[in-house]
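Note sheet for the following structure.
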Amino acid sequence: VQLQASGGGLVQAGGSLRLSCAASRDVRSTITAWYRQAPRKQRELVSIIDENNSTMYADSVKGRFAISRDYTKNTVYLQMDGLKPEDSAKYYCYLRRSGTTQPYWGQGTLVTVSS
């Protein structure tokens with residue numbers, strides 16, 4: 064599975080961005096997620112949506128970010144509102160087919176939030 068992430072950019076604090084992760088195959092029956100990694104920090108989980116469409120968010124983004132999927136486009140989205148400078152990072156999409164252990168990663172898209 065190939066994942067193509069896009070939608071990053073430079074935005075002012077309080078602004079919004081929508082990240083997209085286009086998969087080369089059907090995203091049904093998958094666990095898909097967004098991670099981020101800021102300079103000199105470890106990669107952290109931002110949000111995840113499982114095969115039953117249950118979602119989970121890191122405490123730092125709850126109420127501001129929303130993960131969703133469009134099965135017709137094989138795409139996973141991360142809507143990010145109320146962005147803060149501390150949200151600046153490279154965002155990576157992740158996919159794993161339900162019942163398997165093989166992870167797939169996108170190439171990352173850079174988000175920069177200015178204060």
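With the working numbering applied, the sequence shown covers 64 to 178. Quick reminder that beta carbons are idealized off the backbone N, C-alpha and C, glycines included.
| Query | Result |
| --- | --- |
| Three-state class that DSSP yields for aspartate 133 in the structure shown | strand |
| Proximity below 8 Å, CB of leucine 66 to CB of cysteine 84 | yes |
| Cα-Cα separation between tryptophan 97 and serine 151, rounded to whole angstroms | 14 Å |
| Straight-line Cα distance separating glycine 70 from arginine 81 | 6 Å |
| Outcome for leucine 173 when other beta-carbon atoms lying within 10 angstroms are tallied against a minimum of 16 | exposed |
| Coarse secondary structure for proline 102, derived from DSSP in three states | coil |
| Separation of leucine 146 from alanine 76, as counted between CA atoms | 5 Å |
| N-terminal and C-terminal residue of the beta strand (DSSP E) that asparagine 160 is part of | One point to set straight first is that residue 160 is arginine, not asparagine, in the sequence displayed. From DSSP, the beta strand (DSSP E) with arginine 160 extends over 152–160. |
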